[in-house]
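Residue numbers for the sequence shown follow the UniProt record's numbering, so the first one is 1 and each next one is one higher.
The beta-carbon is built from N, C-alpha and C at its ideal position, and this holds for glycine as well.
Everything numeric in this text was worked out from a predicted model, so none of it was measured.
Structure first, then comments.
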Amino acid sequence: MLGVISKLRQYSTVFTLFKTMESEGIRPDLFTLSTLINCFCQMGEVDFGLAVVGNIFKSGFEPDIVIFTTLLKGIFKENRVKDAIQLFYKITEIGYTCNVVTYGTMVNGLCKTGNVDQAFKLLQDMEKGNRKPDLVTYNAIIDGLCKDNQIPKAQKLFEEMISKGVAPNVITYSSIIQGVCSLGMWKDAECYVNKMVNSGVSPDIVTFNIVIDALCKDGKTKKAQTLFELMSTRSVSPDVVTYNSLIDGLCNSGQWEETTKLFREMMGRGISPDVCTFNILIDAMCKEGMVKNAHELFDLMIKRGVEPDTIIFSALMDGYCLHNRMEEAAKMFHSMVVRGCEPSVISYTILINGYCKAKKLDEAMQIFEDMCIKGLPPVVITYNFLIGGLCKVRRVATAQELFMEMQARGLIPDIYTYNTLLDGLFTNGSYAEAMRLFEELENGGLKADIVTYSTIIDNMCKSNNVDEAKKLFDSLLSKNLKRDTVIFNIMKRGLLTDGLLQESENLFAKMLDKGPTPDELTYNTMLRGLLQNNKLDKAMQLRNEMVERDFSPDANNTSIIVGLHASDGPDSKLTETFDKIVSKRQREGIVTAVELDV
Numbered sequence: 001m002l003g004v005i006s007k008l009r010q011y012s013t014v015f016t017l018f019k020t021m022e023s024e025g026i027r028p029d030l031f032t033l034s035t036l037i038n039c040f041c042q043m044g045e046v047d048f049g050l051a052v053v054g055n056i057f058k059s060g061f062e063p064d065i066v067i068f069t070t071l072l073k074g075i076f077k078e079n080r081v082k083d084a085i086q087l088f089y090k091i092t093e094i095g096y097t098c099n100v101v102t103y104g105t106m107v108n109g110l111c112k113t114g115n116v117d118q119a120f121k122l123l124q125d126m127e128k129g130n131r132k133p134d135l136v137t138y139n140a141i142i143d144g145l146c147k148d149n150q151i152p153k154a155q156k157l158f159e160e161m162i163s164k165g166v167a168p169n170v171i172t173y174s175s176i177i178q179g180v181c182s183l184g185m186w187k188d189a190e191c192y193v194n195k196m197v198n199s200g201v202s203p204d205i206v207t208f209n210i211v212i213d214a215l216c217k218d219g220k221t222k223k224a225q226t227l228f229e230l231m232s233t234r235s236v237s238p239d240v241v242t243y244n245s246l247i248d249g250l251c252n253s254g255q256w257e258e259t260t261k262l263f264r265e266m267m268g269r270g271i272s273p274d275v276c277t278f279n280i281l282i283d284a285m286c287k288e289g290m291v292k293n294a295h296e297l298f299d300l301m302i303k304r305g306v307e308p309d310t311i312i313f314s315a316l317m318d319g320y321c322l323h324n325r326m327e328e329a330a331k332m333f334h335s336m337v338v339r340g341c342e343p344s345v346i347s348y349t350i351l352i353n354g355y356c357k358a359k360k361l362d363e364a365m366q367i368f369e370d371m372c373i374k375g376l377p378p379v380v381i382t383y384n385f386l387i388g389g390l391c392k393v394r395r396v397a398t399a400q401e402l403f404m405e406m407q408a409r410g411l412i413p414d415i416y417t418y419n420t421l422l423d424g425l426f427t428n429g430s431y432a433e434a435m436r437l438f439e440e441l442e443n444g445g446l447k448a449d450i451v452t453y454s455t456i457i458d459n460m461c462k463s464n465n466v467d468e469a470k471k472l473f474d475s476l477l478s479k480n481l482k483r484d485t486v487i488f489n490i491m492k493r494g495l496l497t498d499g500l501l502q503e504s505e506n507l508f509a510k511m512l513d514k515g516p517t518p519d520e521l522t523y524n525t526m527l528r529g530l531l532q533n534n535k536l537d538k539a540m541q542l543r544n545e546m547v548e549r550d551f552s553p554d555a556n557n558t559s560i561i562v563g564l565h566a567s568d569g570p571d572s573k574l575t576e577t578f579d580k581i582v583s584k585r586q587r588e589g590i591v592t593a594v595e596l597d598v
């Protein structure tokens, strides 16, 4: 009777009946005790099961390998890997012969807990001991190896398995196909699918879903759609997982018409969209700026009885924040709480970022305080948004306090935190404090990036420390940092401001020769320097280069050229250059009032 009740999963009832048996003096047999052990293991009380083994020995019974296999399964269920390994080796030491089921339990448990290498070693031990691994054992290890990204090893084991007379089934093929797909090994995937079909193993919905999902994630939506159509010819009906993968792929590639069509087809087939379907669509719509459509879908979701989760609320909040619609974002946050959906750290951080971008720092700080009161620990990005927002509204002292607070909480500022605070300090005129922070960064374990050095060099130049800026600029190559166009532009501007035209020209020549590629700002900075230093021939030559590269002089440079044109007469070369400028800027619709007056 206890066995029947156990099979019905009424484990606590089994324990109650067992206690009744004991109180009435009925001596349990080995089968009863074995059933009790299984119940304890299923209930997550494996230590009670181990205690029953002690009673078995005291009662004069000998526990069999089935009992120990049950215990191993229970120990793995509680994620106690070391205890399972110890018990396994203990029972082999005292003379128990482990069968294929015991080995299979160990292999499966080790693979599921991420110990696939130990499972593989156990497989080898099994083969050395003349125990033939079964299909279940091979499937567990092949799946574990694939999930651990050991694809070549899984492929080799797959071939060994076949050579030893163990025929793979749909589970084996699905695991190996998922493994090769995850690495974009499409030829291998195709080969396995063909081998599968040729050996008489029909791909099931899981197999199709694996390949379709992998194709969509790799941006191969057309191939995924072709495979989707093939499913019906093989009498395999798509499920919600199939549609979710395709919808996600189509959303990511911006194919909204196809997405809408597929969503309607899904509902037309009687397949109800789940929370994952709505997550994909709402998040994608919000990122594309289609917040109104996303909210309509949100309403449809609720109408259909699908309860939105934190991810959906957060996506909609983010969508509203991106459009500076903070009132709607706050309403969505409130709606989330009212519906009993607990806001996450991400939800709070999204709202904080929105308020910071809208320069509503008091509201952002209030949300931050609420978050902390609720016991949700802020993460680095939460502090980064707040520090950035505070710096933008010149509340640098408060930003510095938060910088200290985050470290007191045990959070390590990242390079974005330092870059944001450095920029804030410099903008606030706190040059000495900024340089102390830069020194702290350099002496710490964090590596400054090109943005950091761009900020430092720019502010060194603005503070008339051009020589120091040049030294730092030249040192970047030894720091294995690639100097980009932005930092070259900063250095060039600094040199020109300091009256070092020749050095700025040399830097420009270096860019043309070895990179990085100059942009429109590079040319305008150089052109301004030449014009201000009355180097008109060079200025005209540079202007012609700009025309060839489809660049335009900015308003300041155009004004200088206008002035020179007016004083130089209508037949000069400068007039010809000026006419080209005005003609181009008129085509682009950016002619200034100064130009139109000429």
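Spatially closest choice to Ile-487 from Ser-478, Glu-503, Ala-469 and Gly-499, by CA coordinates: Ala-469
Is Pro-152 helix, strand or coil by DSSP? helix
Please give me, in chain order, every unbroken run of the alpha helix (DSSP H) with length at least 4 that falls completely inside the segment 57 to 114. 65 to 77, 81 to 93 and 100 to 112
Given this structure, state the Cα-to-Cα distance separating Asp-188 from Glu-258, to the nearest angstrom. 29 Å
Of all the options Asp-283, Asn-324, Ala-399 and Val-306, which has the alpha carbon lying nearest to the alpha carbon of Ser-314? The shortest CA-to-CA distance from Ser-314 to any of Asp-283, Asn-324, Ala-399 and Val-306 is the one to Asp-283.
Reduced DSSP secondary structure (H/G/I, E/B, other) of Cys-41: helix
Tell me whether Val-338 is buried or exposed, calling it buried when 16 or more other Cβ atoms sit within 10 Å of its Cβ. exposed
8 Å Cβ shell around Thr-452 - same chain, five flanking residues per side excluded: Ile-415, Tyr-418, Asn-419, Leu-422, Phe-438 and Leu-441
Flag this pair as yes or no: are the beta carbons of Leu-530 and Leu-542 separated by less than 8 Å? It is a contact, given that the beta carbons lie within the stated cut-off.
Taking only the alpha-carbon atoms, compute the straight-line gap between Gly-144 and Cys-111 and give it to the nearest angstrom. 5 Å
Tell me whether Ser-232 counts as near the ligand SAM, meaning its Cβ is closer than 7 Å to at least one heavy atom of that ligand. In the structure shown, the ligand SAM is absent, as is every other ligand, since no ligand is present at all.
Less than 8 Å separating the beta-carbons of Thr-522 and Thr-497? no
Close Cβ partners of Ile-56 (< 6 Å) along its chain, the five nearest in sequence each way excluded: Beyond the five residues adjoining it in sequence on each side, Ile-56 comes within less than 6 Å, by CB distance, of Leu-33 and Pro-63 in the same chain, given in chain order.
Rounded to whole angstroms, what is the Cα-Cα separation between Gln-118 and Leu-87? 15 Å
Do the segment 199 to 206 and the segment 217 to 224 touch if we need at least three Cβ pairs shorter than 8 Å? Because the criterion of three Cβ pairs below 8 Å is not met, the segment 199 to 206 and the segment 217 to 224 do not touch.
Quick check on the DSSP output: the alpha helix (DSSP H) that includes Leu-512 runs from which residue to which? Here the alpha helix (DSSP H) through Leu-512 covers 501 to 514.
Using C-beta distances below 7 Å, list every residue in its chain close to Asp-213, excluding the 5 sequence neighbours before and after it, in chain order. Ser-245
Under 8 Å, do Ile-94 and Ile-142 count as touching if we go by C-beta distance? no
Label Lys-134 either buried or exposed according to how many other C-beta atoms from any shown protein chain fall within 10 Å of its C-beta, with 16 as the threshold for buried. The residue asked about is misnamed: residue 134 is Asp in this sequence, not Lys. The residue is exposed, with fewer than 16 neighbouring Cβ atoms inside 10 Å.
Report all residues from its chain with a CB closer than 6 Å to the CB of residue 603; omit the five preceding and five following residues, and keep chain order. Look at the range of the chain in this structure, 1 to 598, and you will see that residue 603 is not part of it.
In chain order, what residues of the same chain have a beta carbon less than 8 Å from the beta carbon of Thr-310, not counting five sequence neighbours either side? Met-336, Cys-341, Glu-342, Pro-343, Ser-344, Ile-346 and Ser-347
Taking the alpha-carbon positions, what's the Gly-375 to Asn-443 distance? 33 Å
Just to confirm the assignment, what range does the alpha helix (DSSP H) spanning Ala-140 have? 135 to 147
Which term fits Phe-31, buried or exposed, when burial requires 16 or more other beta carbons within 10 angstroms of its beta carbon? exposed
Out of Asn-465, Thr-455, Gly-200 and Pro-413, which one is the CA nearest neighbour of Leu-446? Pro-413
To test your reading of the DSSP string, which unbroken alpha helix (DSSP H) runs of 4 or more residues are found completely within the UniProt repeat "PPR" (344 to 378)? 345 to 357 and 361 to 373
Thr-233 classed as buried or exposed, judged by whether at least 16 other C-beta atoms fall within 10 angstroms: exposed
Host alpha helix (DSSP H) of Arg-310 (start-end): The residue you asked about is not Arg; residue 310 is Thr in the sequence shown. Element bounds for Thr-310: 310 to 322.
Which listed residue (Phe-333, Ile-85, Ala-364 and Thr-398) has its alpha carbon closest to that of Met-317: Answer by Cα proximity: Phe-333.
For Asp-53, which residues in the same chain have their Cβ closer than 6 Å to its Cβ, ignoring the five residues on either side in sequence? First, the residue type needs correcting, since residue 53 is Val and not Asp in the sequence shown. Only Pro-63 meet the Cβ criterion.
Alpha carbon to alpha carbon, what distance is there between Met-185 and Glu-363? 50 Å
Only counting the same chain, and skipping five residues up and downstream in sequence, which positions put a Cβ closer than 8 Å to that of Leu-402? Tyr-383, Leu-386, Ile-387 and Leu-390
Helix, strand or coil: which one does DSSP assign to Thr-592? Reliability of the predicted coordinates at Thr-592 is poor, the pLDDT of 45 falling under 50, and no value is obtained from them.
If we ignore side chains and look at the alpha-carbon of each, how far apart do Gly-193 and His-295 end up? A small fix is needed here, since residue 193 is Val in this sequence, not Gly. Rounded to the nearest angstrom, the two C-alpha atoms are 41 Å apart.
Pairwise C-alpha distance: Ile-350 and Ile-457: 32 Å
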